[in-house]
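Engineer:
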Amino acid sequence: MEEKKYVVEVEKAKEGKDGRPSIGPVYRNVLATDSFRPLSYGLESCWDIFCESVTKFPESRMLGEREMFHGQAGKYVWLTYREVYDLVLKVGASIRVCGVKQGGKCGIYGANCSNWVISMQACNAHGLYCVPLYDTLGAGAVEYIICHAEVSIAFAEETKISEVLKTFPNAGKFLKTLVSFGKVTQEQKDMAGTFDLKLYSWDEFLLLGMQEKFDLPVKKKIDICTIMYTSGTTGDPKGVMISNESILSLISGVNHHMETMNEEFTDKDVYLSYLPLAHIFDRVIEELFISKGASIGFWHKDVKQLVDDIKELKPTVFCAVPRVLDRIYSGLVDKISSAGFLKHKLFNFAFNFKLGNMSKGYKHAEAAPIFDKIIFNKVKEGLGGNLRLILSGAAPLSSTVETYLRVVTCANVLQGYGLTETCAGSFVARPDELAMVGTVGPPLPIIDVCLESVPEMGYDALGNTPRGEICIRGKCLFSGYYKREDLTKEVLVDGWFHTGDVGEWQPDGSMKIIDRKKNIFKLSQGEYVAVENLEGIYSLASSVDAIWIYGSSYESFLVAVVNPNMGALQSWAEENGLTGDFDTICENPKAKAYILSELTNTAKEKKLKGFEFIKVVHLDPIPFDMERELLTPTHKKKRVQFLKYYQNIIDTLYESTR
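All residue numbers for the sequence shown refer to full-length UniProt numbering, where the first residue is 1 and numbers rise by one.
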């Protein structure tokens with residue numbers, strides 16, 4: 001790739017030798033042509049970031065939650081930076097009274113709220129490993145994380161206390177103290193007592209350390225501050241160790257990126273916190289806003305009322321996964337479509353006029369200011385009125401939705417890309433660059449990036465259009481998988497993290513994600529699906545001979561092509577009055593519904609998550625074979641060929657559910 005606008009080559013390409021794949025040139029953001037910007041002097045940890053903001057903005061609003069009256073959400077009530085700091089010191093002292101010291105593991109379990117962040121900051125203050133606990137990784141994940149990470153103290157949302165108690169007696173070897181964000185019942189206390197577990201309500205816990213004073217330990221950049229467990233393989237969840245330096249580097253890179261475009265974050269910014277703090281994306285975003293003295297308001301835990309939270313909070317920055325933005329897009333399209341002929345016509349004219357000017361290079365705020373005031377201002381007000389930035393991550397956002405929102409929201413809409421292992425942020429698109437729609441933008445100015453050829457999939461890092469596995473190097477990288485040095489060595493090679501995602505360099509130096517090297521993919525809501533594992537489970541259904549499952553980062557559910565068992569299906573057909581040969585039966589909607597019900601029963605028996613359920617199937621009477629190049633000689637599925645062969649059917653399956 002020639003030197004382009006937003007990246008600069010820092011190392012030459014390497015031809016593959018001795019069976020190793022070719023590696024493309026190493027690039028970095030032009031902002032860091034000579035070297036990366038050093039971290040701010042004196043900042044060694046996430047705790048230092050918070051303390052600096054407490055000093056600068058003691059009376060500024062920090063954490064806000066909505067008051068609840070008879071189940072109805074009211075106004076936001078705020079804690080200042082100074083008030084949060086005082087609470088953090090109380091929580092930290094109580095943690096120390098329980099015997100937990102620097103290097104100890106502290107679990108946090110529940111939806112985002114002020115007490116989540118206060119508990120997290122107490123971990124930062126005393127050098128504890130913050131270990132988020134969450135159940136979307138599968139049945140038994142909470143128990144697994146507690147035992148694997150050796151969590152000795154945990155904080156949990158009031159409604160999750162009973163879930164934690166279910167992990168006993170196994171978790172009792174490690175977990176000695178459990179604290180509710182709210183209240184606890186006497187029954188829960190009695191149950192905890194049988195396991196020698198100390199269980200406290202939030203108010204009770206704050207009193208433990210009231211008479212004690214502890215010096216805060218010295219913390220270093222290289223110290224681990226959190227272990228985040230993530231799926232991504234068919235085995236147990238992996239504990240990704242993130243250091244203070246990783247988070248500090250990410251914050252530095254985002255600031256550098258935004259400052260050069262006069263879009264920097266300030267203490268005037270307001271952020272809506274609803275993406276799980278248990279995931280790295282929201283964790284680092286909140287650390288970033290804390291570093292700026294900004295305000296963080298929490299949703300009230302009802303996704304159907306999320307737009308109401310937005311209207312009440314009036315955020316300036318909104319981070320989302322594509323599934324949420326898809327809903328906002330669909331809602332806006334439906335509203336416009338039902339507005340009447342003239343209003344619909346006027347809206348479309350304004351949309352096309354503004355989009356045309358943006359395509360010519362106009363900034364979104366300058367492309368159609370009159371239409372912004374009289375047409376699109378209603379959309380802006382519906383999102384609070386102050387929104388200036390929408391950041392999408394976790395999965396690809398469709399170009400249609402991204403373009404539409406860039407025009408009608410009067411805000412910058414940017415896609416980003418990163419993994420837990422890269423501390424969330426690796427690439428971020430630039431504001432007012434319409435050509436970057438459908439890409440994740442250039443690399444942040446804290447990493448080096450190269451592509452490694454994937455010859456078995458036909459991707460060449462040295463081709464005219466460079467494609468290959470994205471490899472990343474930089475101080476934002478994770479420190480390894482906890483207790484899994486073997487897995488760490490698989491993905492960290494000579495300082496390079498192999499993401500498993502296949503990217504394509506764009507002419508301007510931005511990156512487009514085009515494939516996944518391993519047979520793991522994300523659905524549009526950001527959930528990982530280990531497809532080979534699921535195929536093994538669904539193959540247990542007696543009516544199924546073979547199954548190929550497909551999912552897309554642009555869709556929220558799975559579809560499948562099934563080779564049904566001929567004997568089982570024909571027997572069912574006879575019992576249900578269906579006539580015809582096997583091919584004819586496979587085309588019958590009732591037969592498809594029957595096979596789908598069998599798959600659903602299997603999913604329920606194996607306690608699969610909702611997003612792992614198959615929603616619609618196609619029955620192919622012809623067994624998967626080598627003649628159609630669907631299988632290797634060892635009968636492994638050629639997934640690229642499967643998609644190519646069944647593409648029209650897959651498209652039809654998704655269309656039929658809409």
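Glycine included, every Cβ here is placed at the ideal spot set by N, Cα and C.
If you're wondering where the values come from, they're calculated on a predicted model, not measured in any experiment.
Per DSSP, what kind of secondary structure is Arg516 in: helix, strand or coil?
Structural biologist: strand
Engineer: Confirm, please, whether the CB-CB distance from Asn29 to Leu389 is below 8 Å.
Structural biologist: Pairing Leu389 with Asn29 gives a Cβ-Cβ distance that is not under 8 Å.
Engineer: Between Ile224 and Ile242, is the Cβ-Cβ spacing less than 8 Å?
Structural biologist: yes
Engineer: Which of helix, strand or coil does DSSP assign to residue 659?
Structural biologist: Limits of the chain in this structure are 1 at one end and 658 at the other, which puts residue 659 out of reach.
Engineer: By alpha-carbon positions, which one of Ile649, Met258, Val117 ends up nearest to Pro442?
Structural biologist: Met258
Engineer: Looking at the strands, I want to know which residues DSSP matches up with His618.
Structural biologist: Val561
Engineer: CB-CB under 7 Å to Asn588, same chain, minus the five flanking residues each way: which ones, in chain order?
Structural biologist: Leu578
Engineer: Which word fits Gly293, buried or exposed, when buried means at least 16 other C-beta atoms lie within 10 angstroms of its C-beta?
Structural biologist: Within a 10 Å sphere around the beta-carbon of Gly293 sit 16 or more other beta-carbons, which makes this residue buried.
Engineer: Helix, strand or coil, according to DSSP, for Leu569 in the structure here?
Structural biologist: helix
Engineer: Could you check the C-alpha separation between Val616 and Pro38 for me, to the nearest Å?
Structural biologist: A direct Cα-to-Cα measurement between Val616 and Pro38 gives close to 52 Å.
Engineer: Quick one: grab the DSSP three-state call for His257.
Structural biologist: In the three-state scheme derived from DSSP, where H, G and I count as helix and E and B as strand, His257 is classed as helix.
Engineer: Secondary structure at Thr465, three-state DSSP: helix, strand or coil?
Structural biologist: coil
Engineer: In three-state DSSP terms, what is Ala350?
Structural biologist: helix
Engineer: Just to confirm the assignment, what range does the beta strand (DSSP E) spanning Leu178 have?
Structural biologist: 177 to 180
Engineer: What three-state label does DSSP hand Ser543 in the structure shown?
Structural biologist: coil
Engineer: For Thr234, which residues of its own chain have a beta-carbon under 7 Å away from its beta-carbon, when the five flanking residues on both sides are left out?
Structural biologist: Annotation note: pLDDT 43 at Thr234 (below 50); position unreliable, coordinate value reported separately. Ala530, Glu532, Asn533, listed in sequence order.
Engineer: At 4 residues or longer, and completely inside the region 469 to 493: list those alpha helix (DSSP H) runs for me, N to C.
Structural biologist: 485 to 491
Engineer: Can you round the beta-carbon distance between Val391 and Leu414 to whole angstroms, since I take them to be within the 8 Å contact cut?
Structural biologist: Correcting the residue type first, residue 391 is Leu in the shown sequence and not Val. Indeed they touch by this definition, with Cβ atoms about 5 Å apart.
Engineer: Is the beta carbon of Ile614 closer than 8 Å to that of Leu631?
Structural biologist: no
Engineer: Of the residues Ile375, Asn377, Gly356, which one's Cα is nearest the Cα of Ala367?
Structural biologist: Gly356
Engineer: Going by the beta-carbon positions, is the gap between Ser337 and Lys475 smaller than 8 Å?
Structural biologist: It is not a contact, given that the beta carbons lie outside the stated cut-off.
Engineer: Under three-state DSSP, which class holds Ser114?
Structural biologist: helix
Engineer: Considering only their Cβ atoms, is the gap separating Ile108 from Val84 smaller than 8 Å?
Structural biologist: no
Engineer: May I ask you to verify whether the region 146 to 157 touches the region 329 to 348, counting CB pairs closer than 8 Å and requiring at least 3?
Structural biologist: With a cut-off of 8 Å, the region 329 to 348 and the region 146 to 157 do not count as touching, because too few Cβ pairs lie within range.
Engineer: According to the neighbour-count rule (16 or more other Cβ atoms, all chains shown, within 10 Å of its Cβ), is His364 buried or exposed?
Structural biologist: His364 is buried by the Cβ-count criterion.
Engineer: Name the residue from Ile285, Ser246, Trp202 whose alpha carbon lies nearest to the alpha carbon of residue 659.
Structural biologist: Absent from the structure is residue 659, since the part of the chain shown begins at 1 and ends at 658.
Engineer: Is DSSP giving Cys423 helix, strand or coil here?
Structural biologist: coil
Engineer: When the Cα atoms are used, what is the spatial distance from Gly104 to Tyr129?
Structural biologist: 6 Å
Engineer: Using a Cβ distance threshold of 8 Å, determine whether the region 635 to 647 contacts the region 592 to 611, with at least three qualifying pairs required.
Structural biologist: no
Engineer: First and last residue of the beta strand (DSSP E) that includes Ile456?
Structural biologist: Looking at the sequence shown, residue 456 is not Ile but Glu. Under the DSSP assignment, Glu456 falls outside any beta strand (DSSP E); it carries neither an H nor an E label.
Engineer: Please tell me whether Ser291 and Phe205 are closer than 8 Å, where the distance is taken between their beta carbons.
Structural biologist: No; because the gap between Cβ atoms is not below 8 Å, this pair is not in contact.
Engineer: Counting along the chain, where does the beta strand (DSSP E) carrying Lys238 start and finish?
Structural biologist: 238 to 243
Engineer: Under a Cβ-count criterion, where at least 16 other Cβ atoms within 10 Å of its own Cβ denotes burial, should Ala593 be classed as buried or exposed?
Structural biologist: exposed
Engineer: Go ahead and pull the three-state DSSP assignment for residue 668.
Structural biologist: Only positions 1 to 658 of the chain appear in this structure, which leaves residue 668 out of reach.
Engineer: What alpha helix (DSSP H) runs, 4 residues minimum, are completely inside the region 305 to 363?
Structural biologist: 306 to 313, 322 to 337, 341 to 359
Engineer: Taking its Cβ as the centre, do 16 or more other Cβ atoms sit within 10 Å of Asn464, making it buried, or is it exposed?
Structural biologist: exposed
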